[in-house]
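> In terms of UniProt numbering, the sequence shown opens at residue 1 and continues consecutively. Built from N, CA and C at the ideal position, the CB exists for glycine as well.
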Amino acid sequence: MVDNEKIPNKFVLSINGRELDFVTGIPYKISNKGNYIDDWGGGNGSCPSLSSENVSSNNSKFLRQLWVLKETSHSRGYKILGNKNYLDSWGGGHEAKLYLSSTDYPPETPCFLRQIWSFYSKNGSSKELQIHNEQNNCVLDTWGKGGGTYIFFCSHLNGPTSENYAKQLWKFIPAFDYKLNAVISNFKYKLSSDIKKQQITKNIREDTLDNLASSAKLTTSFNFQEELTNTYSFSFNESLDFISETKLITVIPFMNIEKEFNFKHSFEANKPTTTINKETCTITKTVEVPPKSCVKATDFADFVENIEIPFEATAEITATGDRYKKDGSIAKNTKVDSDAVKLFLKENNFKGKIIESEGYSVLAKVKGTLRGSYFIKTYRKLEDLPTKVNDKQEKKS
1 MVDNEKIPNK
11 FVLSINGREL
21 DFVTGIPYKI
31 SNKGNYIDDW
41 GGGNGSCPSL
51 SSENVSSNNS
61 KFLRQLWVLK
71 ETSHSRGYKI
81 LGNKNYLDSW
91 GGGHEAKLYL
101 SSTDYPPETP
111 CFLRQIWSFY
121 SKNGSSKELQ
131 IHNEQNNCVL
141 DTWGKGGGTY
151 IFFCSHLNGP
161 TSENYAKQLW
171 KFIPAFDYKL
181 NAVISNFKYK
191 LSSDIKKQQI
201 TKNIREDTLD
211 NLASSAKLTT
221 SFNFQEELTN
231 TYSFSFNESL
241 DFISETKLIT
251 VIPFMNIEKE
261 FNFKHSFEAN
271 KPTTTINKET
281 CTITKTVEVP
291 PKSCVKATDF
301 ADFVENIEIP
311 FEATAEITAT
321 GDRYKKDGSI
331 AKNTKVDSDA
341 VKLFLKENNF
351 KGKIIESEGY
361 SVLAKVKGTL
371 RGSYFIKTYR
381 KLEDLPTKVN
391 DKQEKKS
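1) Taking the alpha helix (DSSP H) that Leu343 falls in, what are its first and last residues?
2) On the DSSP letters alone, give me the boundaries of the beta strand (DSSP E) that Asn306 sits inside.
3) When burial is assigned at 16 or more other CB atoms within 10 Å of the CB, is Thr280 buried or exposed?
4) Give every residue of the same chain whose Cβ lies closer than 6 Å to the Cβ of Val183, excluding the five residues on either side of it in the sequence, and list them in chain order.
5) Please state whether DSSP places Ala96 in a helix, a strand or coil.
6) I need the DSSP call for Arg64, collapsed to helix, strand or coil.
7) To test your reading of the DSSP string, which unbroken beta strand (DSSP E) runs of 3 or more residues are found completely within the stretch 11–67?
8) So, does the stretch 45–62 touch the stretch 195–202, judging by three or more C-beta pairs under 8 Å?
9) Among Pro8, Leu157, Arg205, which one has its Cα closest to the Cα of Thr282?
10) I'd like the list of long-range same chain contacts for Arg18, defined as Cβ closer than 6 Å, with 5 residues on each side in sequence excluded.
11) Could you tell me which residues DSSP puts in a beta bridge with Gln225?
12) Give the range of the beta strand (DSSP E) segment to which Asn203 is assigned.
13) Which runs of the beta strand (DSSP E) at least 3 residues long sit entirely within the stretch 98–173? Give them in chain order.
14) Comparing alpha-carbon positions, which option in Pro291, Ile276, Phe300 lies nearest Lys285?
15) Roughly how far, in whole angstroms, is the beta-carbon of Ala364 from the beta-carbon of Gly372, given that I think they are within contact range, below 8 Å?
16) Straight-line CA distance for Ile249 to Ile276?
17) For the stretch 208–223 and the stretch 60–73, state whether three or more C-beta atom pairs, one from each stretch, are separated by less than 8 Å.
18) If you reduce the DSSP assignment to three classes, tell me which class Ile243 lands in.
19) Give a yes or no on whether the C-beta atoms belonging to Arg323 and Thr314 are separated by under 8 Å.
20) Can you list, in chain order, the residues of its chain whose CB lies under 6 Å from that of Tyr99, leaving out five sequence neighbours each side?
21) Leu157 and Lys130 - do their beta-carbons sit closer together than 8 Å?
22) Are the CB atoms of Glu245 and Asn181 within a distance shorter than 8 Å?
23) Thinking just about the alpha-carbon of each residue, which of Gln135, Phe119, Asn136 is nearest to the one in residue 431?
24) Would you check if the distance between the CB atom of Thr274 and the CB atom of Lys381 is smaller than 8 Å?
25) Could you check which residue in Phe236, Tyr78, Asn203 has the C-alpha nearest to that of Leu113?
26) Quick check: the Cα distance between Asn16 and Glu260, rounded to an integer number of angstroms?
27) Could you tell me which residues DSSP pairs with Phe263 in its beta bridges?
28) If you draw a straight line from the C-alpha of Asp38 to the C-alpha of Ile330, how long is it?
29) Could you pull out every residue in the same chain whose Cβ sits closer than 8 Å to the Cβ of Gln225, ignoring the five residues on either side in sequence?
30) Taking the straight line between their C-alpha atoms, what separation do you get for Phe22 and Ser193?
31) Are the beta-carbon atoms of Leu66 and Thr24 separated by less than 8 Å?
32) Enumerate in chain order the residues of its own chain whose CB-to-CB distance from Phe11 is below 6 Å, with the five nearest sequence positions on each side excluded.
33) Taking Ile309 as the reference, give the member of Ala96, Lys145, Lys188 with the closest Cα.
34) Indicate whether Asn4 and Lys325 have their beta-carbon atoms separated by less than 8 Å.
35) I need the straight-line Cα distance from Phe153 to Val366, nearest angstrom please.
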């Protein structure tokens with residue numbers, strides 16, 4: 001084991017194999033009835049105690065109440081690490097106190113099971129648990145005592161109907177900040193049969209090129225610029241208001257050009273977010289006019305106005321947060337594994353359909369609507385002007 005490796009983020013399983021609502025490698029506080037397990041600044045051989053103070057993150061004592069779970073080779077058994085010390089039964093049994101050990105005992109040693117913990121989940125709760133030690137077959141119990149007192153073992157596993165049940169119930173409370181980001185791509189638009197009715201054509205420039213007086217062909221080239229305004233509005237059926245930054249990568253319908261949209265804010269469900277984009281279109285014009293003729297060159301732009309197109313897309317969601325290393329140190333603001341991302345999505349009641357999770361990311365299907373008005377393309381038409389029209393123009397001049 002390399003000590004500076006990050007602890008993998010995996011869902012913790014209960015003793016009966018149920019997936020719980022917390023993951024390994026990320027810090028939690030462990031509490032019973034508003035009292036928190038606190039190492040009180042002690043080290044190897046000392047006993048953690050209960051504290052009635054929920055220490056805030058800007059307090060120097062904050063780390064004393066942070067605990068992280070590590071997966072082990074023991075089936076559904078975990079180590080609990082805090083401030084580089086492990087929770088350890090120290091060989092004690094019923095009514096004995098809980099201890100701290102600075103040694104990470106490997107599986108082949110007799111002390112290994114002293115540091116192995118499993119979890120009983122009852123009443124359908126995945127956040128209030130009984131914590132079981134593999135070495136002494138006991139669970140952690142407050143014995144009805146409050147802040148400033150030690151934590152003990154009890155050989156009797158109390159059931160939900162017992163008056164002492166609550167003394168053995170422990171909550172794992174998240175003690176970390178995280179940031180979710182999403183890249184949404186692979187847009188599939190559902191185009192209706194009458195969508196083309198919303199396409200209009202605008203005349204953006206018209207030039208008359210007169211070569212009536214010459215017996216030679218006239219070739220004229222010139223450039224001009226036209227400022228065109230495009231409006232794109234995206235909304236999602238699912239709320240993405242917990243996403244810190246969202247990037248959309250999509251081929252805009254009818255344009256066949258891929259565009260990126262970066263949003264530094266969140267998407268509320270069914271609430272459009274609009275981008276107004278002014279584009280300067282440079283048009284290069286080369287027109288050949290035959291001898292003794294007059295040509296009208298007209299440039300057009302095709303637009304769609306007030307379109308509304310449903311879509312389905314794929315969101316790749318990642319997250320950053322504080323992760324623990326195997327040596328007990330903390331890696332700040334780093335990418336978390338996909339199980340942690342799935343947990344964060346669950347905590348935020350994400351309604352999209354998760355289709356895959358691997359590495360640092362979760363892929364999910366999301367649905368929404370594109371609304372907008374934007375130009376599609378520019379093109380030119382040439383028209384020969386009748387000679388008699390041109391004769392009248394010459395007489396007037």
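Per the coordinate set shown:
1) Following the DSSP letters along the chain, one finds Leu343 inside the alpha helix (DSSP H) bounded by residues 338–347.
2) Asn306 -> beta strand (DSSP E) spans 294–324.
3) Classification for Thr280: exposed.
4) If you ignore the 5 residues before and after Val183, its C-beta comes within less than 6 Å of the C-beta of Lys247, Glu316, all in its own chain and listed in chain order.
5) Coil, per DSSP.
6) Three-state DSSP puts Arg64 in a helix.
7) Runs of the beta strand (DSSP E) inside the stretch 11–67: 11–13, 19–23, 28–32, 35–38, 49–51.
8) Proximity of the stretch 45–62 to the stretch 195–202 falls short of the contact definition, fewer than three beta-carbon pairs being nearer than 8 Å.
9) Residue nearest to Thr282 within the set Pro8, Leu157, Arg205 is Arg205 (criterion: CA-CA distance).
10) Cβ-Cβ distances below 6 Å link Arg18 to Ser121 in the same chain, with the five nearest sequence neighbours on each side left out; the list follows chain order.
11) According to DSSP, Gln225 bridges with Thr282.
12) First-last of the beta strand (DSSP E) with Asn203: 199–210.
13) You should have 99–101, 117–121, 128–133, 138–141, 152–154.
14) With distances taken between Cα atoms, Lys285 lies closest to Phe300.
15) Between the beta-carbon of Ala364 and that of Gly372 there is about 24 Å, and that puts the pair past the 8 Å contact cut.
16) If you take the alpha carbons of Ile249 and Ile276, they lie about 16 Å apart.
17) The stretch 208–223 makes no contact with the stretch 60–73: fewer than 3 CB pairs, one atom from each, lie closer than 8 Å.
18) It is a strand residue.
19) Contact flag unset, no.
20) Only Cys47, Asp88, Trp90 meet the Cβ criterion.
21) At residue 130 the sequence reads Gln, which differs from the Lys that was named. The Cβ-Cβ distance between Gln130 and Leu157 falls below 8 Å.
22) In contact: Asn181 and Glu245 (Cβ atoms closer than 8 Å).
23) Look at the range of the chain in this structure, 1 to 397, and you will see that residue 431 is not part of it.
24) Result no, Cβ atoms of Thr274 and Lys381 do not sit closer than 8 Å.
25) Selected option, being the one with the closest Cα: Tyr78.
26) When the Cα atoms are used, Asn16 and Glu260 turn out to be separated by approximately 46 Å.
27) Phe263 is bridged by DSSP to Thr246.
28) Between Asp38 and Ile330, the C-alpha separation is close to 18 Å.
29) These residues qualify, in order along the chain: Thr280, Cys281, Thr282, Ile283.
30) Distance between the alpha carbons of Phe22 and Ser193 is about 48 Å.
31) Judged by beta-carbon spacing, Thr24 lies beyond the 8 Å limit of Leu66, meaning their Cβ atoms are not closer than that value.
32) So the list reads Glu19, Val23, Asp339, once near-sequence residues are dropped.
33) Looking at the Cα atoms, Lys188 is the closest of the given residues.
34) Cβ atoms of Asn4 and Lys325: closer than 8 Å.
35) If I take the Cα positions, the gap works out to 48 Å.
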